[in-house]
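The block underneath contains the structure these notes are about, expressed in structure tokens.
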Amino acid sequence: MQTLQFILSPKEAHEAEQKWRVVKRSVDARQRELKVHLTVLVDEKGKPISLTPSLSQGEGEWRRYEPPKYKDVHNAERQVVIIGAGPAGLFAALTLIEHGIKPIIYERGKEVSERKKDIALLNRNEGLNPESNYCFGEGGAGTFSDGKLFSRSKKRGNMQRVMELFHFFGAPDTVLYEAHAHIGSDKLPTIIKNMRECILSHGGEIHFETKVESLKEVESRKSKVERHATPIILAIGHSAHDTYRMLAAEGVKLETKGFAMGVRAEHPQALINKLMYFKGRNIDISENRYTETIQFVGNASYSLVTQVDGRGVYSFCMCPGGHIVPAGSTADTCVINGMSASHRNSPFANSGIVVQINPEDIPGDDPLRGLEYQEALEREAFKQGAISHQQSAAPAQCLRDFVEGKASKDLPKCSYLPGIVPSRLDQWLPPHIGKRLQQGFRDFDKKYPGFLTNDAVILGVESRSSSAVRIPRDPETLQSVSTPGLYPCGEGAGYAGGITSSALDGINAALKIADLAQ
Ligand SMILES: Cc1cc2nc3c(=O)[nH]c(=O)nc-3n(C[C@H](O)[C@H](O)[C@H](O)COP(=O)(O)OP(=O)(O)OC[C@H]3O[C@@H](n4cnc5c(N)ncnc54)[C@H](O)[C@@H]3O)c2cc1C
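The following block contains the structure:
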């Protein structure tokens, strides 16, 4: 099948998408005028192939992928225990079923519809359920995430297959061709529920509200039903600090790895649109070219990076038209993150802005010292934002005030539902983070003049952008170097970051087990 690339205005691209078969789409905001790059299928004469009324996007040969063939594993001879039902655990389970192996999943949190209720309480600042929140529960941290489906890494295997499976379970057609595909936190729960129903109907097991507190206990439980040693896929995500401690106590080898910490910045979305799409040119948001651009390509995002004193300072998990959310899993900490719904249409643009932290920045040799470092700052943020013994708003400061070292009297409106309180982040963030952030924001403002403004606010702390621990594994067998039969995978193992790479890592662990079974 031949393809041709077109570089079009947002409106032209939108019109082309309605009539041609698009296989790739990306927005290019680097030039003075915003352009959309569309790759479309063409016939042997080079003419774009039309969508016919009976063949819309997402149907027929345009969507050429092999649907997965799941086997009945109710009575399968082989079984695998999976700890954690995040993207890594779920994609591992689905892959095992394709290979005729029965997955038995233990998940500490609740199934997605019950989990929603706990998240609603959290958003109203009415208490945290330590087992059911933005990190724990069916679908893992991926369920109420933004659902941006892309990975910086091209190395980890068949990313397109991950997109196809998301599509198969209900994600929109755009995940098949959009360069920066996005699902949205309103759509993800249904996709996760569809995956669960598929796993259960083919004979897999899922045990919710079942926290694994000892690997040895799982091993003794499984040995009653298995003739062979049952492999364990460990897909716990990076927030289960208690589980890391259990693993260390039971002799699983862990090591400290580099991670990143900082704040979440929130700007008015209209300002980010002007900076990114119109290079700060004076444009009124009621003008046609502004409204048309947003209508056809959506709200703008950004990806920023700089180096300050030998460390990277960069934007992370940018959520256009999104919300900042409380993403902690323990009661005395304040951890924040961001998400957006599928339409990305809130008036706010938020992003983590984080500083790279290397293992040598934290004294000592305890492999878990990175976790303790994260927790100390998260507890400090809780204290700084405390409104009672048990409740905390997020400590916040206007962006320019933070950079100039001034107190903020009034904070701008913010999407964070549990509330924000003025705080001197410039004074209590550790200097090696705070000072680098200040310089980082100055650098970003040089690139996009107007970025550094008191119309923006920063909230603390963004501390869980990546895992502070690695569970080393053999690159060939993917098994823990200390514990044969244990397959650490996904974000918590320190080998993936984000939904797609964690899902792929889960697939790879399952394929390794399926191969060994033959
Ligand atoms: C608010 C938010 C927004 C995000 N937005 C994006 C985004 O747009 N794009 C993106 O790529 N990534 C995003 N992420 C990150 C992404 O969600 C994670 O990278 C991904 O979910 C990691 O997958 P995982 O399966 O490795 O771990 P997780 O998704 O963390 O899943 C681990 C699961 O294991 C369970 N578990 C832990 N310990 C135990 C135990 N002892 N016993 C039983 N179960 C246990 C947990 O309850 C959890 O359900 C976001 C994260 C958050 C919090």
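So the sequence shown is numbered by the numbering used here: it starts at 511 and just counts up by one. Virtual Cβ for every residue (Gly too), placed ideally from N, Cα, C. Note that this is a predicted model, so its numbers are computed, not measured.
Apart from the 5 residues on each side of it in sequence, Asn-855 sits with its Cβ closer than 8 Å to the Cβ of Asn-809 and Gly-831 in its chain, given in chain order. For Gly-599, the enclosing alpha helix (DSSP H) covers residues 597-608. For Leu-659, the three-state secondary structure derived from DSSP is coil.
Residue pairing by DSSP places Tyr-824 opposite Val-815 and Val-864 in a beta bridge.
Remark: C-beta atoms of Gly-649 and Gly-610 do not approach each other more closely than 8 Å. By the neighbour-count criterion, in which a residue is buried when 16 or more other Cβ atoms sit within 10 angstroms of its Cβ, Ala-770 is buried. Each residue's CA atom was taken as its position, placing Lys-956 and Met-786 some 13 Å apart. Rounded to whole angstroms, the separation of the alpha carbons of Val-865 and Asp-953 is 14 Å. No heavy atom of ligand 1 is found nearer than 7 Å to the CB of Thr-801.
Distance from the Cα of Leu-1026 is smallest, within the candidate group Glu-715, Pro-741, Phe-676 and Ser-796, for Pro-741. Here Val-722 really is in contact with Tyr-616; their C-beta atoms are around 5 Å apart, less than 8 Å.
Taking C-alpha positions only, Glu-802 is separated from Thr-766 by approximately 48 Å.
With a beta-carbon spacing of about 4 Å, Ala-903 and Gly-929 fall inside the 8 Å limit used to define contacts.
According to the DSSP assignment, Ala-770 belongs to the beta strand (DSSP E) that extends over 769-778. Burial state of Thr-720 is exposed, judged by a 10 Å Cβ sphere holding fewer than 16 other Cβ atoms. Exposure of Tyr-575 is indicated by the presence of fewer than 16 other C-beta atoms within 10 angstroms of its C-beta. Counting the other CB atoms within 10 Å of its CB gives Ser-861 a total of 16 or more, which places it among the buried residues. The region 1010-1019 makes contact with the region 672-683; the number of CB pairs closer than 8 Å reaches 3 or more. Between the beta-carbon of Val-728 and that of Val-835 there is about 31 Å, and that puts the pair past the 8 Å contact cut.
In this structure, the CA atom of Arg-946 is about 11 Å from the CA atom of Ile-867.
At a Cβ-Cβ threshold of 8 Å, Leu-638 and Gly-848 do not count as neighbours.
Our two residues, Ala-886 and His-853, have alpha carbons roughly 36 Å apart in a direct line.
Between the region 578-591 and the region 979-994 there are fewer than three C-beta pairs closer than 8 Å, too few to call the two in contact.
Not one heavy atom of ligand 1 is found less than 7 Å from the C-beta of Tyr-575. Residue environment for Ser-825: buried (at least 16 other C-beta atoms within 10 angstroms of its C-beta).
Placement of the Cβ of Glu-1001 at a distance of less than 7 Å from at least one heavy atom of ligand 1 is found.
Taking all protein chains in view, the Cβ of Ala-630 is surrounded by fewer than 16 other Cβ atoms within 10 Å, so the residue is classified as exposed. With the rule of 3 Cβ pairs closer than 8 Å, the region 916-931 does not count as touching the region 755-765. Using a Cβ-Cβ distance cut-off of 8 Å, the region 994-1003 and the region 788-796 are not in contact, since fewer than three pairs of beta carbons, one from each stretch, lie closer than that value.
Per DSSP, Thr-513 is not a residue of any alpha helix (DSSP H); the beta strand (DSSP E) it occupies stretches across 512-518. Take His-751, set aside five residues on each side of it, and the residues of its chain with a beta-carbon closer than 6 Å to its own are Leu-881, in chain order. Shown here, Gln-989 sits in coil according to DSSP, grouped into three states, outside any helix or strand. Runs of the beta strand (DSSP E) lying entirely within the region 911-973 and spanning at least 3 residues, in chain order: 930-932 and 967-972.
Ala-780 is the residue among Ala-780, Gly-556, Ser-811 and Phe-806 whose C-alpha sits nearest the C-alpha of Ser-796. Here the C-alpha atom of Met-511 lies approximately 14 Å from the C-alpha atom of Trp-530.
Around the CB of Pro-577, fewer than 16 other CB atoms lie within 10 Å, so the residue is classed as exposed.
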